[in-house]
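Novice: Residue numbers (my numbering), protein chains in the order written: chain A, 12 to 154; chain B, 12 to 154. The C-beta atom is built at its ideal place from N, Cα and C for all residues, glycine as well.
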DNA sequence: CATTCTGTAACACCACTTGTTACGCAATGA
DNA sequence: TCATTGCGTAACAAGTGGTGTTACAGAATG
C-alpha cells in the first residue's frame, strides 16, 4: 500500500543524534538511514525550518539538535514534514453537485477526521524521549 | 498526498443503484462516475466477489444489488476493495536490528492501530442506507 | 585559497491508481 | 444460426509522490 517512511526515519535519526550528543554530518546520518546524503538534507531541512534541528555549513559543520528529546513530540516532527492532514479522506469529485456523492464524501471525511484526531492525540502525547527509553530498554534486554 | 477514490466512488454508485432499483450497465455507471466502463468492471468486480453486487453478461445483463442498503456497511465495501490495513503505519526498515528504529516503528504502528480501530468502528456502524437518507435530505433541502 | 560542509536543481526509478484500447466469452433474441 | 449486447481481462500509457543519484553553487573554516 502507501508508504512514506520520512516520519519513521526522522524519529529514528533524531533519537540517534540526541544519544550521540554532538554534531553529525549528512554523510554519517545517511549511513544510519541506509540512504543518500541529499535525502537527509532534504528531510532534515524541513525539521530545521521548524526549529527541531539546526544546520551549519562549511568545515566542521553538520546537524545538531535544537531541542532536547523530551521537548519534541512525534506530532511536531510530523507537522514539520507535512503541514497538511495526516489521514486525508479520499473523496470523489466526479459530480460535485450530486447529493449522493456529497453524502458519501461527508461520511468518509467525518470518519477520517475522527481517526486523525485520535492519531494526533497519540502523536502529541508521545515525546522522542519515550522512544529513546524504549529503545534502551530493548537494547538492555537483548544484551 | 495519497488518494484512492475507489471507496468513495463505490459508496456513490451503490446508493445510486439502489435508488434506481433495477439493473445498470457498466456504461451507465461509468457515466455516473465520470469514468470508463473498464474501471467500473474492475472495481465493481471486487464487490461482486464479496456478495455486495451481482453481475450478468449478455444482452440485458449488467449489475444489480445483491443486498439492500441497510445490509451494507461502509466497512464491508472497504474490505471488499482492500483486505489489508486501512491505515498502515509507514515504518522504516533501514536497519531492522537497530533498537532505536524498532522503538520508533513500534510507536507508529501502535498509534496507527488505534486510529484504524476508530475508523473501523465508524465504518462498521455506518450503513449505506444512512448515506442514502442524508443525500435525500440534502436534495430535499435544495429543492 | 583549498577543504568541507550544506542547499538545491535536475533527472530517473518505483509503486499504485486511473484511463484507455483491444479482444475473448456468454447470453439474448430475431 | 448469428448479430448484438455486455461482462472479463490483458496490456499499456499517464499522473502522482517518495526515493535515489549526480552535479554544482554557496558559505565557513583554517
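Starting from the beta carbon of residue 125/A, find every residue of chain B whose beta carbon is closer than 8 Å, and list them in chain order.
Specialist: The contacting residues are 129, 130, 133.
Novice: Just by C-beta distance, which residues in the stretch 40–55 of chain B are closer than 9 Å to chain A?
Specialist: Those residues of the stretch 40–55 of chain B that come within reach of chain A (Cβ to Cβ, closer than 9 Å) are 43, 44, 45, 46.
Novice: Contact criterion: CB-CB distance below 7 Å. Does residue 63/A meet it with respect to chain B?
Specialist: No, residue 63/A lies away from the interface with chain B (no Cβ there is under 7 Å from its Cβ).
Novice: Rounded to the nearest angstrom, what separates residue 92/B and residue 103/A at their Cα positions?
Specialist: Rounded to the nearest angstrom, the two C-alpha atoms are 15 Å apart.
Novice: Determine which residues share a DSSP beta bridge with residue 103/A and list them.
Specialist: DSSP output for residue 103/A lists no bridge partner at all.
Novice: List the DSSP bridge partners of residue 66/A.
Specialist: DSSP, once it has assigned bridges, lists 74/A as partnering residue 66/A.
Novice: Answer yes or no: does any C-beta atom of chain A fall closer than 7 Å to that of residue 37/B?
Specialist: Residue 37/B does not count as touching chain A.
Novice: Which of the residues in the stretch 62–96 of chain B, read from start to end, lie with their CB under 7 Å from any CB of chain A?
Specialist: Within the stretch 62–96 of chain B, the residues whose Cβ lies closer than 7 Å to some Cβ of chain A are 85, 95, listed in chain order.
Novice: Return yes when the Cβ of residue 34/A is within less than 7 Å of the Cβ of residue 70/A, no when it is not.
Specialist: It is not a contact, given that the beta carbons lie outside the stated cut-off.
Novice: How many whole angstroms separate the CB atoms of residue 115/A and residue 26/B, which I take to be in contact at a CB cut-off of 8 Å?
Specialist: The pair is a contact, with the Cβ atoms about 7 Å apart (cut-off 8 Å).
Novice: Within this structure, are the beta carbons of residue 64/B and residue 58/B separated by less than 7 Å?
Specialist: Contact: yes.
Novice: Which residue or residues does DSSP assign as beta-bridge partners of residue 84/B?
Specialist: Looking at the DSSP assignment, residue 84/B forms a beta bridge with 138/B.
Novice: Rounded to whole angstroms, what is the Cα-Cα separation between residue 81/B and residue 136/B?
Specialist: Cα-Cα distance, rounded: 11 Å.
Novice: Among the residues of its own chain, which have a CB less than 8 Å from the CB of residue 18/A, if the five just before and after it don't count?
Specialist: Answer for residue 18/A: 85, 88, 89, 92, listed in chain order.
Novice: Counting only beta-carbon separations shorter than 7 Å, does residue 22/B have a partner in chain A?
Specialist: With 7 Å as the cut-off, residue 22/B counts as an interface residue toward chain A.
Novice: Assuming residue 143/B and residue 55/B are in contact, meaning their beta carbons sit under 8 Å apart, how far apart are those beta carbons, in whole angstroms?
Specialist: Residue 143/B to residue 55/B, Cβ: 18 Å. No contact.
Novice: Considering only the alpha carbon of each residue, which of 96/A, 149/A, 20/A, 15/A lies closest to residue 45/A?
Specialist: Ranking the options by Cα distance to residue 45/A, first place goes to 20/A.
Novice: Using the beta-carbon count (16 or more within 10 Å), is residue 129/B buried or exposed?
Specialist: Buried.
Novice: What residues of chain B sit near residue 16/A, judged by a beta carbon separation below 9 Å?
Specialist: By Cβ distance, chain B contributes 101, 102, 103, 104, 105.
Novice: If you drop the 5 nearest sequence neighbours on each side, which residues of the same chain put their C-beta closer than 8 Å to that of residue 61/A?
Specialist: Correct list, in chain order: 87, 90, 91.
Novice: I'd like to know whether the C-beta of residue 120/B is nearer than 7 Å to at least one C-beta of chain A.
Specialist: Chain A, which has no Cβ nearer than 7 Å to the Cβ of residue 120/B, makes this no.
Novice: In chain A, what lies closer than 7 Å to residue 137/B by C-beta?
Specialist: What residue 137/B touches in chain A: 118.
Novice: Let's test the definition: count the other Cβ atoms within 10 Å of the Cβ of residue 67/A and tell me whether it reaches 16, buried, or not, exposed.
Specialist: Looking at its Cβ environment, which holds fewer than 16 other Cβ atoms inside 10 Å, residue 67/A is exposed.
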